[in-house]
Amino acid sequence: MIRKLIPLLLVASLTACANTGAPRSSSAPAASSSSSSASSSDAGTSTYGGSSYGSSSSMGGGKTCDAAALQSQIGQKATASVMEELRTRSGSTTARMLRPGQLVTMEYNATRLNLIVDDKDVMTAIRCG
Numbered sequence: 004m005i006r007k008l009i010p011l012l013l014v015a016s017l018t019a020c021a022n023t024g025a026p027r028s029s030s031a032p033a034a035s036s037s038s039s040s041a042s043s044s045d046a047g048t049s050t051y052g053g054s055s056y057g058s059s060s061s062m063g064g065g066k067t068c069d070a071a072a073l074q075s076q077i078g079q080k081a082t083a084s085v086m087e088e089l090r091t092r093s094g095s096t097t098a099r100m101l102r103p104g105q106l107v108t109m110e111y112n113a114t115r116l117n118l119i120v121d122d123k124d125v126m127t128a129i130r131c132g
């Protein structure tokens with residue numbers, strides 16, 4: 004009896020997994036309108052010390068990050084005010100500080116500025132993504 008149920012349960016669980024990623028047409032318009040209003044009200048936000056300020060959307064209204072002009076700041080101490088200034092200068096919508104050994108998400112976000120710091124919060128690299 005159990006041997007007959009195993010393939011049935013396997014098919015049912017795989018079907019359930021495949022259906023979880025399908026977009027829902029009834030909630031999609033509401034989500035897009037709320038995310039556009041959220042991104043306009045949350046623009047100019049940063050992440051500092053593991054906590055996030057502002058928009059978590061990767062769609063930053065078409066803005067992209069440009070870290071090329073910020074490379075002269077490497078070697079400076081990273082503070083919340085410095086991070087906010089660099090975020091504004093780069094044109095990014097969000098920023099985060101990455102410390103040694105810190106767990107981070109690895110998805111690419113073209114509107115996010117990453118400040119890589121050492122254990123004394125001195126910037127060792129400035130990248131977008």
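In this note's numbering, the protein residues as written are 4 to 132.
Think of the CB as a built atom: it goes at the ideal place given N, C-alpha and C, for glycine as much as any other residue.
(message) Restricting to runs no shorter than 3 residues, where is the beta strand (DSSP E) found entirely within the region 90-131?
(response) Taking only runs of at least 3 residues, the beta strand (DSSP E) segments lying wholly in the region 90-131 are 97-101, 115-120, 126-131.
(message) Can you tell me which residues form a DSSP beta bridge with K80?
(response) Residue pairing for K80: DSSP places it in a beta bridge opposite V125.
(message) Please report the distance separating the alpha-carbon of S95 from that of K66.
(response) Note on geometry: alpha-carbon atoms of S95 and K66 lie some 7 Å from one another.
(message) Applying the 10 Å Cβ sphere with the 16-neighbour rule, what's the burial state of I77?
(response) Residue environment for I77: exposed (fewer than 16 other C-beta atoms within 10 angstroms of its C-beta).
(request) Return yes when the Cβ of L106 is within less than 8 Å of the Cβ of N117, no when it is not. (result) By the CB criterion at 8 Å, N117 and L106 fall outside the cutoff.
(message) I need the straight-line Cα distance from A98 to Y111, nearest angstrom please.
(response) Roughly 13 Å between the two C-alpha positions.
(request) Can you tell me which of S93, I9, A83 puts its alpha carbon nearest to the alpha carbon of A113? (result) Of S93, I9, A83, the residue nearest in Cα terms is S93.
(request) Please go through the same chain and pick out, in chain order, the residues whose beta-carbon is closer than 6 Å to the beta-carbon of S30, but skip the five residues on each side of it. (result) Here S30 scores only 43 on pLDDT, less than 50, and its place in the model is too uncertain to base an answer on.
(message) Quick check on the burial criterion: 16 or more other C-beta atoms within 10 angstroms. Buried or exposed for M126?
(response) Burial call: buried.
(message) Quick check on DSSP: helix, strand or coil for A70?
(response) DSSP places A70 in coil when its eight states are reduced to three.
(request) Give me the Cα-Cα distance between A81 and I9, rounded to the nearest whole angstrom. (result) Near 56 Å, if we compare the C-alpha coordinates of I9 and A81.
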